[in-house]
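Take any residue in the sequence shown, note its place counting from 1, add 91, and you have its number in the numbering used here. Working notes, structure below.
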Amino acid sequence: MIEDLGRKLAEAEQYLRERIPASPEVGIVLGSGLGGLAEDIEKEVEIPYWDIPHFPVSTVKGHRGKLIFGTLSGKRVMAMQGRFHYYEGYSAAEVTFPIRVMRLLGVSVLIVSNAAGGVNPHFRPGDLMMIVDHINLIPDNPLRGPNDDTLGPRFPSMHNAYDRGLRDLAIEVARKKGVFLRQGVYVALPGPNLETPAEYLFVRTIGGDAVGMSTVPEVIVANHMGMKVLGFSVITNVANPYQPEPATHEEVVAMAERAGGELARLVKGILELL
């Protein structure tokens, strides 16, 4: 199993190295409706996922499904325009395969974003939340099974899963640019159904501020491979567990697109100071 993963990673890495002009420094995962940041990248190469050996293919509306290589705010970046989810039928290891490839190509800083439902009663739709920690309720872990010590340790620490230095930098940039930035805990559920009123209440009771169906497996693997991580959620709807406002996927994507401009402005400012 370890040998098989190593072979697949090597083949994907080689395929990409033959097509990119230089190694990327920063990886960016653009979630639902947040692909607009890709338009600001000075693109050098765009590669569809289905062309890359062993890459999964995104099946979710709003996830375009390609890697973008180029520069943003003076940094060499590798952006995933569209991600993969456990609910699509992929294992957690398959979902995070691209994150491992990022690291092998040279990425040392990973910025992840997602659209999330707010369970903190102080949040409002359109708010931007910096993730300070997470709770994983997805019934799989990308590190399950034999460990490849060449990729990372058997028991990686998650004490600083979202790098404190990067979070401090994000707060500084948000203040200077006038971006209103919440902070909170992200809870990952398997999906794909949206949460019941009782589930929203449960998430809030265990310490969650926002809930979604992604991001956490990617962050686990990034930490396993020694990457520094910064994460953001666009709050697309806020649930009152007693009088829930039903949300559709289309509404979630629409709100994420409207709020994505603030996130793009923040990320570009952070990259300038990295």
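Note that the Cβ used here is the ideal one computed from N, Cα and C, for glycine as well.
Asked: Cβ contact check for the segment 100-120 and the segment 165-175: 3 or more pairs under 8 Å; Found: yes
Asked: Same chain, Cβ closer than 8 Å to H176, neighbours up to 5 away in sequence not counted; Found: V151, V186, G282, P283, M304, S305
Asked: Strand pairing of M169, partner residues [DSSP]; Found: G118, F160
Asked: Simplified DSSP assignment, three categories, for L196; Found: helix
Asked: C-beta contact flag for A261 and M221 at 8 Å; Found: yes
Asked: Buried or exposed by the 16-neighbour rule on C-beta atoms within 10 Å, applied to R273; Found: buried
Asked: Endpoints, alpha helix (DSSP H) assigned at V310; Found: 307-315
Asked: Contacting residues, own chain, Cβ-Cβ under 7 Å from N238 (five flanking each side not counted); Found: R245
Asked: DSSP bridge partner residues for D224 (one or two, in chain order); Found: V276
Asked: DSSP three-state assignment for V136, whether helix, strand or coil; Found: strand
Asked: Touching by the beta-carbon criterion (3+ pairs, under 8 Å), the segment 133-152 and the segment 228-237; Found: no
Asked: Sequence-distant residues of its chain with Cβ nearer than 7 Å to A129 (five each side left out); Found: L121, I159, A170, Q172
Asked: Sequence-distant residues of the same chain with beta carbon closer than 6 Å to L201, five excluded per side; Found: G118, A313, M318, V320
Asked: Where L285 sits in the DSSP three-state scheme; Found: coil
Asked: Buried or exposed (CB count within 10 angstroms, at least 16 for buried), T327; Found: buried
Asked: Sub-8 Å separation of I229 and V307 beta-carbons; Found: yes
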